[in-house]
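Read through the structure below, which is laid out as structure tokens, and then see the notes.
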Amino acid sequence: MVSRLGILSAAIGFFFLTGSRFCAAQTDHLSSFSDPARLWGNGIERVIEEAYRLCFRTRIIGSRVMTIRMPFAENHERDMLTETGWDFFGSGKGSPGMLMAVIEEHLNSAAFEEYISSLSSGRDRVFIFDISQQSWSFSADLFDIARMKAGSYRGLPHKPYVLTTGKGALESDVYNYLYCIGRVGMDCSGFVWHILSYIGKQGGIDLGMTLSPVLGVPRGRDPSLYVGTSFFNSRSSQIIAVNDEIRNLRPADIILFREASGGMAHSAIIQSIDFSKGTIRYLQCTDEAPLQERGAHESFIYFDPAKPALSLSDLSLRWTQKRFAPFPGEKDSPFSDDGERYRAFREYGGGRVVRIRTLVPVIEKLNKN
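All the letters of the sequence shown, read from the start, carry residue numbers 11 to 379 under the working numbering.
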């Protein structure tokens, strides 16, 4: 006769066995569902999407499920009022693997736990970040809170002020900590270089090693530290100028945005062009964006599919990416959206599109898969 304990043990064993199989099946299903190939196929669009997704992590923070995105981080962006400057970890040129490991260390630290706890006080507070000292404090003074609510911003470039409600941490609060305290992230060209390097790797080439001679990289140094928007805008033989009519654009083309001095100040990369629906999806890393999009994010341009000969500077195109100050209260961007920024400074030629010559055969190879 089988004992009740034996029956119970068998039942528990069956439960865990079937449960584990069920969880494994669910995991396989979710992995399949999240596979970029489901949406983008097996060509260059999928490869770019894979590289983009490396810039994100999903975490439970303060009982909330959050998507943590790679922060924007540009050396000397905010140190103009300090006696000594500072560099972000990896100088904004680090790989997602390296940077995400540092981000995870911060998110798992006691210091971050204390910060999250302070955001759950149930009261309005003004958080004051000191980037140069990698520290934070807060004020519960009613006068300070009232001034922030009235739009009287007291922060400085290296010392942002942030008004919080005390109702728990938001993704934007995590971003503030990683940027100001962790001093970790990617600048715009570092992000684009990551995507380009990933494309090269999938095609069997080391882009950094291949381009080191034209970048002027000393022996033994990391090529990523020598890639900036100025290189994408250079006269290097590796840079192919692309007529920016929509019909000429391809995934992995680089969009360059000009600055007032005539040079290029920002870069982004095209992920896909849907000529039937009239949609261009491009990716970038910047902090001049809505709070929930600061850092690595996707952006879109909508055009009339019947007019593929339109230039990116044509006023009929709708660029959806809005531009805001990195921290509420700071001086707003001079451009309302990316389209306005692309069309700016026409006396110097406005924005432009370029392509990396070395990657052209690589992309052709990937698209044949």
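Beta carbons are placed, not taken as given, at the ideal position from N, Cα and C, and that holds for glycine.
All values derive from a computational prediction rather than experimental measurement.
{"query": "A34 - DSSP class collapsed to helix/strand/coil", "result": "A caution first: A34 carries a pLDDT of 45, below 50, which makes its placement in the model unreliable, though a value can still be read off. Helix, per DSSP."}
{"query": "Run of the beta strand (DSSP E) containing S277, from where it starts to where it stops", "result": "274–284"}
{"query": "Boundaries of the beta strand (DSSP E) in which L146 is found, first to last residue", "result": "Rather than Leu, the amino acid found at residue 146 in this sequence is Trp. 145–149 is the extent of the beta strand (DSSP E) around W146."}
{"query": "Pair within 7 Å by beta-carbon distance, M274 and N243", "result": "yes"}
{"query": "Beta-carbon proximity list for Y358, same chain, < 8 Å, skipping 5 on both sides", "result": "R268, G272"}
{"query": "First through last residue of the beta strand (DSSP E) which encompasses D140", "result": "135–140"}
{"query": "Residue burial classification, A278 (beta-carbon count within 10 angstroms, cutoff 16)", "result": "buried"}
{"query": "G361 burial status per 10 Å Cβ neighbour count (16 or more: buried)", "result": "buried"}
{"query": "Stretch pair the stretch 185–197 + the stretch 339–348: three plus CB contacts closer than 8 Å", "result": "no"}
{"query": "N186 classed as buried or exposed, judged by whether at least 16 other C-beta atoms fall within 10 angstroms", "result": "buried"}
{"query": "Reference R336, options L320, T220, F313, C295, closest by Cα", "result": "The displayed chain sequence assigns Pro, not Arg, to residue 336. Here the closest residue by C-alpha is C295."}
{"query": "Cα-Cα separation between S323 and E93, rounded to whole angstroms", "result": "41 Å"}
{"query": "Terminal residues of the alpha helix (DSSP H) in which S101 lies", "result": "Element bounds for S101: n/a, residue is neither H nor E."}
{"query": "Strand pairing of H307, partner residues [DSSP]", "result": "Q294"}
{"query": "Stretch pair the stretch 125–141 + the stretch 162–176: three plus CB contacts closer than 8 Å", "result": "yes"}
{"query": "Helix, strand or coil at L173 [DSSP, three-state]", "result": "strand"}
{"query": "Rounded C-alpha distance that separates I126 from K103", "result": "28 Å"}
{"query": "Contact set for R365: own chain, Cβ-Cβ below 6 Å, skip 5 residues either direction", "result": "I250, V252, D263"}
{"query": "Local conformation of L217 per DSSP, three classes", "result": "helix"}
{"query": "Among R328, N118, L91, G230, nearest to I70 - alpha-carbon criterion", "result": "N118"}
{"query": "Own chain residues within Cβ distance below 7 Å of F98, not counting five before or after", "result": "A83, N85, R193, V194, G195"}
{"query": "When Y189, L152, L109 are compared against F139, the one with the closest alpha-carbon", "result": "Y189"}
{"query": "Close beta carbons around D314, own chain, < 8 Å, minus the five adjacent residues each side", "result": "G288, L320, S326"}
{"query": "Counted within 10 angstroms of its Cβ, other Cβ atoms place S207 as buried (16 or more) or exposed", "result": "buried"}
{"query": "C-alpha gap between R157 and V136, whole angstroms", "result": "10 Å"}
{"query": "Exposure of G226, with buried meaning 16 or more beta-carbon neighbours within 10 Å", "result": "exposed"}
{"query": "E308 versus N377 - alpha carbon distance", "result": "22 Å"}
{"query": "Integer Cβ distance of Q248 from R367, believed to fall under 8 Å", "result": "5 Å"}
{"query": "For I205 and K375, the rounded distance between their alpha carbons", "result": "17 Å"}
{"query": "Selection from V184, V372, R231 that minimises the alpha carbon distance to Q302", "result": "V184"}
{"query": "Span of the alpha helix (DSSP H), counted from its first residue to its last, around A111", "result": "106–117"}
{"query": "Cβ-based burial, R351 [other Cβ within 10 Å; buried from 16]", "result": "buried"}
{"query": "Cut-off 7 Å between Cβ atoms - residues of its own chain near G349, not counting five sequence neighbours on either side", "result": "L327, W329"}
{"query": "For I373, the three-state DSSP class (helix, strand or coil)", "result": "helix"}
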